[in-house]
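Each remark here refers to the structure printed beneath this line.
There are 4 protein chains.
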Amino acid sequence: MKMTENCGIIGVFGHPEAANLTYLGLYSLQHRGQESAGIVSSDGRSLRPYRGMGLVSEDFTPEAMRRLRGDRAIGHVRYSTTGSSHIRNAQPFTVEYALGGLAIAHNGNLTNAEPIRDDLVAHGSIFQSTMDTEVIVHLIAHAREPVFVDRLITALRRIQGAYSLVFLSGDQLIALRDPNGFRPLNLGRLGHASVVASETCAFDLMDARYVREIEPGEIVVIDKKGSRSVKPFGRTEPTPCIFEFIYFARPDSLIFNQSVYAVRLKFGRELAREHPTQADMVIPLPDSGFPAAIGYAQEAGIPLEMGLIRNHYIGRTFIEPEQSIRHFGVKVKLNAIRDVIRGKSVVLVDDSVVRATTGRKIVKMVRQAGASQIHVRISSPPITHPCFYGIDTPLKEELIAATHTIDEVRDYLEADSLGYLSLEGLKACMGENGCRFCHACFTGDYPVPIPSQPGDAEDTPSSPMVVSGYHGVEDERAR
Amino acid sequence: MKMTENCGIIGVFGHPEAANLTYLGLYSLQHRGQESAGIVSSDGRSLRPYRGMGLVSEDFTPEAMRRLRGDRAIGHVRYSTTGSSHIRNAQPFTVEYALGGLAIAHNGNLTNAEPIRDDLVAHGSIFQSTMDTEVIVHLIAHAREPVFVDRLITALRRIQGAYSLVFLSGDQLIALRDPNGFRPLNLGRLGHASVVASETCAFDLMDARYVREIEPGEIVVIDKKGSRSVKPFGRTEPTPCIFEFIYFARPDSLIFNQSVYAVRLKFGRELAREHPTQADMVIPLPDSGFPAAIGYAQEAGIPLEMGLIRNHYIGRTFIEPEQSIRHFGVKVKLNAIRDVIRGKSVVLVDDSVVRATTGRKIVKMVRQAGASQIHVRISSPPITHPCFYGIDTPLKEELIAATHTIDEVRDYLEADSLGYLSLEGLKACMGENGCRFCHACFTGDYPVPIPSQPGDAEDTPSSPMVVSGYHGVEDERAR
Amino acid sequence: MKMTENCGIIGVFGHPEAANLTYLGLYSLQHRGQESAGIVSSDGRSLRPYRGMGLVSEDFTPEAMRRLRGDRAIGHVRYSTTGSSHIRNAQPFTVEYALGGLAIAHNGNLTNAEPIRDDLVAHGSIFQSTMDTEVIVHLIAHAREPVFVDRLITALRRIQGAYSLVFLSGDQLIALRDPNGFRPLNLGRLGHASVVASETCAFDLMDARYVREIEPGEIVVIDKKGSRSVKPFGRTEPTPCIFEFIYFARPDSLIFNQSVYAVRLKFGRELAREHPTQADMVIPLPDSGFPAAIGYAQEAGIPLEMGLIRNHYIGRTFIEPEQSIRHFGVKVKLNAIRDVIRGKSVVLVDDSVVRATTGRKIVKMVRQAGASQIHVRISSPPITHPCFYGIDTPLKEELIAATHTIDEVRDYLEADSLGYLSLEGLKACMGENGCRFCHACFTGDYPVPIPSQPGDAEDTPSSPMVVSGYHGVEDERAR
Amino acid sequence: MKMTENCGIIGVFGHPEAANLTYLGLYSLQHRGQESAGIVSSDGRSLRPYRGMGLVSEDFTPEAMRRLRGDRAIGHVRYSTTGSSHIRNAQPFTVEYALGGLAIAHNGNLTNAEPIRDDLVAHGSIFQSTMDTEVIVHLIAHAREPVFVDRLITALRRIQGAYSLVFLSGDQLIALRDPNGFRPLNLGRLGHASVVASETCAFDLMDARYVREIEPGEIVVIDKKGSRSVKPFGRTEPTPCIFEFIYFARPDSLIFNQSVYAVRLKFGRELAREHPTQADMVIPLPDSGFPAAIGYAQEAGIPLEMGLIRNHYIGRTFIEPEQSIRHFGVKVKLNAIRDVIRGKSVVLVDDSVVRATTGRKIVKMVRQAGASQIHVRISSPPITHPCFYGIDTPLKEELIAATHTIDEVRDYLEADSLGYLSLEGLKACMGENGCRFCHACFTGDYPVPIPSQPGDAEDTPSSPMVVSGYHGVEDERAR
């Protein structure tokens, strides 16, 4: 079964332009998923779904938007992973079941979807998609309670892992986070309307006001009478995802009640303290390395320069020359400014290193532009373990820090020096006392049990991508 | 719940170009459905689905065909009905269930889908499409037998109505017809490969040899060991659809073991005997009226002339002029040849009359071209009842013969005379002794019980389109 | 230089929906060209052009039509020839020159475009397309007269060959035919508006009334004051194209003041007299052979049967199977009805034979369907010479009748007998006394000098396609 | 006549992958024009053109690239201006004329195109596009010299204004700049191949080495024998465009032999000296304001912060909500980070102010994010005059600095203070002694005469967009 991966979700209740607001919200969350986008609107009676492949700005036509009538809506943008690109995996997922129509949008990844699915199938259920989200819907449909929220709670007690969810059911909009609160989800207000979004940058474009984050383990039920909070899990020990701060979220967002930009700036400052260097300039990797690079430059007292320029017109397809011209790699996306770099010692600041293949090319490009010394600084610890809660990290074998020492990574990068932010430094920046984050990707300390692997000798999974063999039906690609 | 409507289905087993052959078959069956087309191929292990909206020649790219590997495949073309145009209703329908992957292609319409669906939903099933085909799959998934064919038989005992089906399951291709045999389905051979098609014209393009029709109530199971026949319903009383002969099937096909062209020719001859006339020429309505018109002309000894010409470049969209130019209607598709018709008395031969709105326009066009007399002859009886077994007839209220006498229809058409083929004549042409056909559309004598309607005072349904209110989720249109 | 080839042209003057009417006209003339379509409208001041590749019904969107304001318009559909498929060769051709804006739509082919073009280029002209039409515009631009029609006459005196033309210039619509009148062009009325069309079937859809054909050598000038006729060539000896009657025009059209259908019927009757045969049935090749087959059947007293069925859903692309399935050829378009043909002797009637490759496949298909004897009858004489006046015939080497005797063609077709309509019979059908037709394709008797070929030993050109080497710029294909 | 506007051009000679290299070059110059892109390749005999609307990455398919054979090629990307969006205005422009095929790509704008065009038209020329580039081609075609370069020189003596040009003619690639050198053009080497590009960032992606800029008034003729330089204008007084440095060029390019990034950094430093301020942070406007902001921050000793975040997923279409949500303007593209800005005094640095409407919205957004004080700093002088040499500035009436004092602009922006870089400061940064730049947009001191306007009382043109009424033919939009 494929994982749902990290995504972006939106909900709007009680606004005459609910679908339009959802569109704006998805537009702001586009960085959380570019593979597909969808909106389901409702007037409280019937659901109106619309989904498409690709970007929000390409999927929704004015005519499509006009069809999405009603004063409530939910929306979803899906992250692109290889091989499962098809409209039937686009969300929101919409079904008819015992209580009527139901629409769901899911951000995160369940860790026990496979055994539940096997059990459901053994008892006669059919599965049409490869999304773990379909498991949640089956559990709700099989629950016997007459009220949706009660069925939902019954279903949630069965599932484990990372899930921030929004539903349209009957005359209600429901939004919730798993007890660990792995993925963000926020509440806002726009006049009398309630809005929900993965990140607060969506509220900014919707002109909505941020109210608070939905708490880990909290179910918020919104209807015409107002909103109420249900906490079926009692007291929880939240472990929100640290990688949202490191890389995934937009710097202009609040998540988990903190400013992403401010946190990244702190990472950069701490990195400068942990790994100081003598250099002529600090160069950020555009655009993800900007805030940390600024923090590093400020703390280190080294001038910041934009020595790497990003090409803003990257298209879907790039035709590589055939014979003589080779190894473009990053050159299509980035260019080094020779006149800035030539003869200088530089600090390159990036947010993280996964496989290091891109980083190696960038170091080479900067070297060719004439840098005398290249010091790579990474504003996060070495990634040594795959994520099972929604971040699209590769197999453990492909994580360079899982199999190489830091010196080896430095040598692979062909950098003069390499410094990672320490886990302790990272925690210090987060002010981690009341709130503990999930840093399993750096430590392997998984807060929720992960699926065991076939032939799993050392109990450490080598890959989150093949949790189970869903080999019956290959993914479809239609026109 | 929407009905599946009449469609075209194909199956191929044991040929290295199974998907390509299926493509050819669907191409030949395009007249049975232009809304969507799909193929699922298999190598006996995993299923590879591909579906698209529109014509076969537009949907399948060379790249798509290359992905459809394996030596077996099934295919489907879907008839277009208003409002339900979406990829999730395209077939083949592919799911994962207890026995693994399953693909199904369905031609026909179930009459008791609604109560079964309500029962399934009440017990926790979820429905993702608006097709009655999904009911069949749920029934198979809920059956407990360990072998697919046994589960299938259990499922078939629950359903009623019209269904010709092909499945890919495990290492088998299964093809079957309902006990009434409403819809056609034929067996053929191509070398060592087995092929299945709604009409034999598909075999012609595939270069396959027609073997026999699959019998009403027969399940044909094809695997590497060969094919075997299962007849779970015992002795049946078949009632194949007469309308396939009148209009739906291609004239170059055999269906129900008879030549469609030859039957239509007989209809025309019988029509000439029942409704002779003095006229200068017989004019067929292109192209559906051709065979009957030839028969009529031959029997009546009146010259056949192509007085109406069809425009072969009808596109998807036609932009109607705004103000001064009006009432195109049939003129976009047909034109009358003034020099042929002027001053002549003509016999117009068509296959059937549904609403009579198009016929009225054609009569007017022929009159304006100068015809002195217009005698309309229809090679089928008056349609007075809607079809619940797959033919896309409208509401009873819209069937002109249901609410008007023949004289009134003639007056509405503004024809000088009007003659329908009698039911007796029709039966005589079919040589109906051993084999009885379904002519419920002419008589209301439904061989399988039809759904009762809410507030159904006179026990005659007014429309097959609103068998049940599936109002929970509106149909989706995606990009 | 590429030839313009046979095309369809439309003109409308003095109607508030001029562009919409032109659209309807082009829609009716779609059989004369499917490669590109264009309309230029005008309000008497500025020209509004719109062109697109492909079918009329695909090119023009409602938004595009709304932009085409003004009470006058001209339109063009272009025939598809290999390799020159680009928007810059789409017409109408629109330029700015000394008298302002000018739009032209051209049907036909000039025979002396090449030397004129060479002369123009030598004196500083630039050419942007590969159309001979561009030569006409240059000649008009280089003329010195202050009035458009006078410049036009000056230009026409330079050019030779086949040309029916419509222009929008200043406040006038001009329509004309070359002195030989190779290509048709007709005048009609719609209320107070004047309309012009290649064939009268366009008038039928536009709801316009046919007035008369524009005469060979006649220039019709239409403006707000009315229309007037200019005949700068004095008395001419018209030689309209016989092939328009044999194949090109629609049967529901009048061209050269005669009914196409009626003429084809006569061809069939005459063919039956010249080449009678004993047979069970006459089978037309759909759809072009229909009228002649009806004439043949009537004259011969042999029943007509639709033994060949055409697939109406032919798309742009057809994916041929790779290995085992082969030689589709005509099978994708046509199918033979076995039950009609089996054991019967048949007469196959078609309009013409060019290369005979398709005919050979059809004879084979009919033979495989079980025909005991196959007698091929062609309603035109053997084509022995290429056309230089607009019909897209191939190289002389590829014309089977140019290099083979009739017996050899029959053997190639594998027919039991073969009969062509004689030239005398053809002439007799046309009632050719006052009016002489061009039958150069049957006789090599070219009424207008054709370009001599490089190394042209026997003074008979082998191909009209390479009149001159326009090798400087290859044709463009853009997205 | 429409102006060609600023564009990007590429030339490659003597490389087996000439078209692929040109593709890479255009990809790098995409910021210079997103409306259309085109490549013409050649093997020295025939020209192969390909053009498309939109981005390079969307226009060129692998199939299209394969057709572009030959070891030389030129390419063009066109800047988008309202209303003239059509393929016939896409470049390279390709014609056939007296010396054979000719392809041209043009960056810049002629100031005397209109009278030349009128003269050409009066003498019989026809114009098919609305580009002033067509004038150049006509002049070359009308010249009498037998050698291309001589004809070219004759043509260049007639034209005035801004033009950097590349040609493919016969077996030569020709590249040149106008005597003023308004627009950049550079020479590079890749192995034995010669390459030409508007900016050196193209060389970086092509893996080519920068050699030198082509000099103002220099014609570089490249063929198999090598390259030679022709300087027909003798000694010139170059006035390259300062706005290329301020805004247009990419920061990683060299133009006019200087690093764009380094110059912008200097502008920022000088701006800080001219307009110092007390503030908590310097915020660049992404991305154009980055280098100047860094320079300002460094010089002023104020921390740089990324207070404005750019949305990287801006699509072609953005559907604005209808009623309640309004005035998106910049919010779709930019967002202010509340947590960074709240309660702080900020310096906003941008490169230039044209209409000030966007700037006003940004100031408002920053104010709403909580800034206590907003000091706007612009790294160029006030734009008071339109450009006639290729930069797409609006009508004089729309240039806010043309009609308002600086205080009024500040009030309109609702900023607390506003500082422009002075002209003197600008010149100082450029080290302007040997080289004089064109700063007509700041001074109205046009180095080449500009077209006089109809009713031009004060001899100062109000708009460069309506230099002349080319009203004969409206621009076309085709499918």
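Residue numbers (the working numbering), protein chains in the order written: chain A, 45 to 523; chain B, 45 to 523; chain C, 45 to 523; chain D, 45 to 523.
Ideal Cβ positions, reconstructed from N, Cα and C, are used throughout, including at glycine.
Only a predicted model underlies this, so the values are computations on that prediction, with no experimental measurement involved.
Non-local C-beta neighbours of residue 318 (chain C) in its own chain, meaning closer than 7 Å and more than five positions away in sequence, comprise 463, 465, 466 and 469, ordered along the chain.
As the crow flies, the alpha-carbon of residue 338 (chain A) is around 29 Å from that of residue 438 (chain A). Ranked by Cα distance from residue 148 (chain C), the first of C:94, C:110, C:161 and C:102 is C:94. Straight across, the Cα-Cα distance linking residue 263 (chain D) with residue 347 (chain A) is about 42 Å.
Separation of residue 377 (chain C) and residue 350 (chain B) (C-alpha to C-alpha, rounded to the nearest whole angstrom) is 21 Å.
For residue 93 (chain B), the enclosing beta strand (DSSP E) stretches over residues 91-97. Among the residues facing chain D, residue 355 (chain A) is included, as its CB has a counterpart in that chain under 9 Å away.
Within the stretch 158-180 of chain A, 165, 166, 168, 169, 170, 171 and 172 place their CB atoms closer than 7 Å to a CB of chain B, listed in sequence order.
Where residue 342 (chain C) is concerned, the enclosing alpha helix (DSSP H) starts and stops at 334-344. Among the bridge pairs identified by DSSP, residue 144 (chain C) is matched with C:141. Residue-level contact check: residue 335 (chain D) touches chain A, since one or more beta carbons of chain A fall below 9 Å from its beta carbon. Residue 485 (chain A) has no beta-bridge partner at all, per DSSP.
No Cβ-Cβ contact shorter than 9 Å links residue 308 (chain D) with residue 243 (chain D). For residue 426 (chain A), same chain residues with a beta-carbon under 6 Å away, outside a window of 5 residues either side, are 445 and 464 in chain order. Secondary structure of residue 328 (chain A) (DSSP, three-state): strand. If you check the CB distance, residue 363 (chain B) and residue 104 (chain C) come in under 9 Å.
The three-state reading of DSSP puts residue 71 (chain A) in helix, counting H, G and I together. Distance from the CA atom of residue 461 (chain A) to the CA atom of residue 390 (chain D), rounded to whole angstroms, is 35 Å. Nearest C-alpha to residue 414 (chain B) among B:424, B:140, B:383 and B:87: B:383.
Within the same chain, Cβ atoms closer than 6 Å to the Cβ of residue 277 (chain C) are found at 223 and 261, the five residues on either side in sequence being excluded. DSSP places residue 211 (chain C) inside the beta strand (DSSP E), whose first and last residues are 205-213. For a Cβ distance threshold of 8 Å, residue set 168 and 170 of chain D lies close to residue 182 (chain C), ordered along the chain. The Cβ of residue 120 (chain C) sits no closer than 9 Å to any Cβ of chain D. Taking C-beta separations shorter than 8 Å and ignoring five residues to either side along the sequence, the partners of residue 301 (chain A) in its chain run 256 and 257, following chain order.
With three or more CB-CB distances shorter than 8 Å, the stretch 161-179 of chain B counts as touching the stretch 130-146 of chain A. Any Cβ of chain B closer than 9 Å to the Cβ of residue 445 (chain A) would place that residue at the interface, and such an atom is absent. Residue pairing for residue 381 (chain D): DSSP places it in no beta bridge. Of the candidates D:161, D:385, D:290 and D:120, D:290 places its Cα closest to the Cα of residue 395 (chain D).
Note on residue 204 (chain D): 16 or more other CB atoms within 10 angstroms of its CB, so buried under the neighbour-count rule. Rounded to the nearest angstrom, the gap between the Cα atoms of residue 172 (chain B) and residue 138 (chain A) is 7 Å.
Cβ-Cβ distances below 7 Å link residue 321 (chain A) to 391, 419 and 461 in the same chain, with the five nearest sequence neighbours on each side left out; the list follows chain order.
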